Amino acid sequence: MILDSAQSVVIVPGYGMAVAQAQHAVRDLTNILEKKNISVRFAIHPVAGRMPGHMNVLLAEAQVSYDKLFALEDINDDFPNVDVALIIGANDVVNPAARHDKNSPIYGMPILNVDYAKTVVVNKRSLNVGYAGIQNELFFYPNTLMFFGSAKEAVNKLVNEIKEL
Amino acid sequence: MEVVSYLVYLIASILFIFGIKKLGSPKTARQGNFLSALAMFLAVVITLFDQRVLTFEYIIIGIVVGSAIGAFMAIKVPMTGMPQMVGLLNGFGGGASALVAFAEYYHILNKTNTLDISTGVTIVLSVLIGAVTFTGSFIAFGKLQGFVTGKVVKYPLQNPINILLLLIVLGLGYYVVANPTSDLILLAVVGISLLLGVLLVLPIGGADMPVAVSLLNSYSGLAASMTGFVLQNNMLIIAGALVGASGIILTLIMCRGMNRSLMNVVLGGWADAGSGGTGEGLVLKVMPNLLTLKN
Chain V
826 MILDSAQSVV IVPGYGMAVA QAQHAVRDLT NILEKKNISV RFAIHPVAGR MPGHMNVLLA
886 EAQVSYDKLF ALEDINDDFP NVDVALIIGA NDVVNPAARH DKNSPIYGMP ILNVDYAKTV
946 VVNKRSLNVG YAGIQNELFF YPNTLMFFGS AKEAVNKLVN EIKEL
Chain W
321 MEVVSYLVYL IASILFIFGI KKLGSPKTAR QGNFLSALAM FLAVVITLFD QRVLTFEYII
381 IGIVVGSAIG AFMAIKVPMT GMPQMVGLLN GFGGGASALV AFAEYYHILN KTNTLDISTG
441 VTIVLSVLIG AVTFTGSFIA FGKLQGFVTG KVVKYPLQNP INILLLLIVL GLGYYVVANP
501 TSDLILLAVV GISLLLGVLL VLPIGGADMP VAVSLLNSYS GLAASMTGFV LQNNMLIIAG
561 ALVGASGIIL TLIMCRGMNR SLMNVVLGGW ADAGSGGTGE GLVLKVMPNL LTLKN
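Chains V and W, in that order, are what the protein sequence lines are.
Add 825 to the 1-based position in the first sequence for the numbering used here, that's all there is to it.
Add 320 to the 1-based position in the second sequence for the numbering used here, that's all there is to it.
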């Protein structure tokens with residue numbers, strides 16, 4: 826299984842994690858992966874969840890240790906070395922159009938370069954647009970896998986599957 | 321007694337500064353929050369002992385009712401509802417500043433029948449910024465909570481009207497400073513400022529509201545700072561300046577995070593950018609369940 830054979834996982838939380846209150850499930854996932862000697866880090870975009878610090882507070886509440894949380898500029902260059910980028914309820918902040926599509930309304934916005942990771946797993950409730958009201962080409966990339974469902978149930982399902990291995 | 325109260329205000333100011341410094345990292349944020357709360361408690365207590373308190377009855381009723389509502393909100397409001405809660409609280413902060421400045425205006429006028437220029441200017445600014453923050457914050461709250469349309473609201477001559485209103489309110493403010501006894505004009509300043517608060521926040525898209533809330537937070541700090549000048553209360557000036565500065569820094573961090581200028585957010589730029597294609601014809605790999613994650 827993709828997550829199981831990974832050595833380095835980066836989780837990118839967004840508004841969807843906050844809405845679903847999935848931070849505790851995400852903490853469980855982190856613990857179970859780390860038990861299998863998989864490195865887990867969190868990449869936090871400055872406006873993830875609408876306000877700076879929103880994700881940090883939620884993850885702190887779930888007792889994810891602070892040293893696993895990385896700001897955009899501290900982790901962005903490392904994505905090519907990442908096996909799985911797991912996007913949980915984030916959208917515009919990982920849209921590669923911001924880097925290259927001059928016609929995109931978010932062109933020039935700093936984004937997390939998750940598409941450089943070997944595999945991208947995107948958890949979303951639906952294909953609905955995010956904050957900026959635009960579709961995200963990342964979802965259609967060859968190295969992207971979509972995983973629909975509310976963040977809490979989805980991550981809990983992941984945890985159970987890994988437990989059963 | 322005066323020396324004691326100055327000393328306590330100074331200690332509270334220092335605690336505010338350390339508190340906000342500690343809020344900079346999640347490791348120390350709880351401590352920072354506690355220090356700031358302690359500073360606010362000290363400031364309230366010493367003000368009750370020191371200032372011209374006429375009757376404690378209303379103060380006690382206010383504290384009980386306010387604390388109950390505050391505690392209820394802090395427990396009940398979910399993290400995702402935090403922007404609108406902060407927005408609402410900013411609005412009350414701005415409204416309080418405007419009310420205090422207005423009360424001080426009548427207080428000084430009744431005593432001396434005149435107003436020196438610096439006090440006049442700070443009273444007018446306090447009333448103006450406080451009133452704009454008050455109604456602006458309520459519109460922001462309404463947009464985030466879904467009571468007011470989250471869409472970008474545009475109508476003809478929007479910006480010229482806002483600029484005209486701002487010029488009128490500044491002109492009226494100047495008139496009040498020059499003719500301190502014209503309290504009806506100060507009331508007009510309040511009225512137009514309240515209207516301006518609504519009109520300034522209405523065009524901002526719902527998704528941009530957190531940026532607007534942060535900006536209004538900065539305004540409420542400025543209003544408090546101005547009130548501090550009116551009351552000659554150093555602690556209020558310092559605390560207001562801290563809120564004003566941190567609010568504007570947070571606003572700019574959010575704008576930079578989206579690569580947009582503050583003007584673009586405030587004028588409602590992004591939300592009507594349209595949708596950039598539907599992705600039709602592209603291949604979407606969906607995992608119906610996680611077993612497919614297995615290689």
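For each residue, glycine too, the CB sits at the ideal point set by N, CA and C.
Quick caveat: nothing in here was measured; it's all calculated off a predicted structure.
Can you look up residue i in the DSSP assignment and give me helix, strand or coil?
i              : result
residue 434(W) : coil
residue 509(W) : helix
residue 900(V) : helix
residue 852(V) : helix
residue 592(W) : Caution is warranted here: a pLDDT of 44 is assigned to residue 592(W), below 50, making its placement in the model unreliable, and the coordinate value is therefore given only provisionally. Note: residue 592(W) maps to helix in three-state DSSP.
residue 866(V) : strand
residue 946(V) : strand
residue 519(W) : helix
residue 346(W) : coil
residue 969(V) : strand
residue 836(V) : strand
residue 458(W) : helix
residue 467(W) : coil
residue 911(V) : strand
residue 858(V) : helix
residue 894(V) : strand
residue 610(W) : Note on residue 610(W): pLDDT 49, under 50, position unreliable in the model; the coordinate value appears next. In this structure, residue 610(W) counts as helix in the three-state DSSP scheme.
residue 937(V) : coil
residue 501(W) : coil
residue 545(W) : helix
residue 477(W) : coil
What in chain V is Cβ-close to residue i, meaning under 9 Å?
i              : result
residue 579(W) : 923, 931, 932, 933, 934 and 935
residue 321(W) : Within chain V, no residue comes near residue 321(W); the closest Cβ sits about 41 Å away, beyond 9 Å.
Please list, in chain order, all residues of the same chain as residue i whose beta carbon is under 8 Å from its beta carbon, the five residues on each side excluded.
i              : result
residue 942(V) : 835, 904, 905, 907, 908, 909, 910 and 968
residue 429(W) : 435, 500, 501 and 503
residue 512(W) : 485, 488, 489 and 492
residue 479(W) : 587
At a CB-CB cut-off below 8 Å, which residues of chain V make contact with residue i?
i              : result
residue 395(W) : Here the premise fails: no neighbours, minimum Cβ distance about 14 Å.
residue 573(W) : 871 and 877
residue 587(W) : Within chain V, no residue comes near residue 587(W); the closest Cβ sits about 14 Å away, beyond 8 Å.
residue 523(W) : Correct list: empty, because the minimum Cβ distance to chain V is about 16 Å.
Under a CB-based cut-off of 8 Å, is residue i close to chain W?
i              : result
residue 838(V) : no
residue 996(V) : The structure shown does not extend to residue 996(V), since chain V spans only 826 to 990, so no value can be given for it.
residue 885(V) : yes
residue 984(V) : no
Which residues in chain W sit within 8 Å of residue i, going by Cβ to Cβ distance?
i              : result
residue 881(V) : 346
Among the residues of its own chain, which have a CB less than 7 Å from the CB of residue i, if the five just before and after it don't count?
i              : result
residue 976(V) : 841, 842, 845, 847, 913, 914 and 948
residue 446(W) : 417, 418, 421, 543, 546, 547 and 550
residue 832(V) : 863, 864 and 908
In chain order, what residues of the same chain lie with their CB nearer than 6 Å to the CB of residue i, ignoring the 5 residues before and after it?
i              : result
residue 853(V) : 984
residue 938(V) : 901 and 904
residue 893(V) : 866 and 867
residue 950(V) : 975
residue 568(W) : 538
residue 582(W) : 575
Would you say residue i faces chain B, with C-beta separation under 8 Å as the test?
i              : result
residue 844(V) : No chain B is present in this structure, whose protein chains are V and W.
Should residue i be flagged as near chain V, meaning a C-beta pair shorter than 8 Å?
i              : result
residue 442(W) : no
residue 591(W) : Confidence is the limiting factor: at residue 591(W) the pLDDT is only 46, short of 50, which leaves the residue's position unreliable, though a coordinate-based value still follows. Residue 591(W) counts as touching chain V.
residue 400(W) : yes
residue 480(W) : no
residue 403(W) : yes
Mind pulling the chain V residues with CB within less than 7 Å of residue i?
i              : result
residue 530(W) : 875 and 876
residue 616(W) : Residue 616(W) is absent from the model: chain W starts at 321 and stops at 615.
Hey, would you say the C-beta of residue i is under 7 Å away from at least one heavy atom of the ligand ATP?
i              : result
residue 423(W) : Although the ligand ATP was asked about, the structure shown includes no ligands whatsoever.
Problem set entry | Contact between the stretch 513-524 of chain W and the stretch 457-466 of chain W (3+ Cβ pairs under 8 Å) | yes
Problem set entry | Three-pair Cβ contact test at 8 Å for the stretch 340-347 of chain W versus the stretch 977-985 of chain V | no
Exercise. Per the contact definition of three or more C-beta pairs closer than 8 Å, is the stretch 861-875 of chain V in contact with the stretch 572-588 of chain W?
Worked result: yes
Exercise. Touch check for the stretch 527-541 of chain W and the stretch 405-413 of chain W: three-plus C-beta pairs under 8 Å?
Worked result: yes
Exercise. Is the stretch 555-562 of chain W in contact with the stretch 329-340 of chain W, if contact means three or more CB pairs nearer than 8 Å?
Worked result: These segments touch.
For this session: Spell out a yes or no on whether the stretch 923-937 of chain V and the stretch 950-963 of chain V are touching, meaning 3 or more CB-CB pairs, one atom from each, closer than 8 Å.
Result: yes
Exercise. Is the stretch 534-543 of chain W touching the stretch 347-364 of chain W in the sense that three or more CB pairs, one from each, lie closer than 8 Å?
Worked result: no
For this session: Examine the Cβ distances between the stretch 391-398 of chain W and the stretch 364-380 of chain W and report whether three or more of them are shorter than 8 Å.
Result: Fewer than three pairs of CB atoms, one per stretch, sit closer than 8 Å, so the stretch 391-398 of chain W makes no contact with the stretch 364-380 of chain W.
Exercise. Is the number of C-beta pairs between the stretch 466-486 of chain W and the stretch 417-433 of chain W that are closer than 8 Å three or more?
Worked result: Below 8 Å, too few C-beta pairs join the stretch 466-486 of chain W and the stretch 417-433 of chain W to call them touching: fewer than three.
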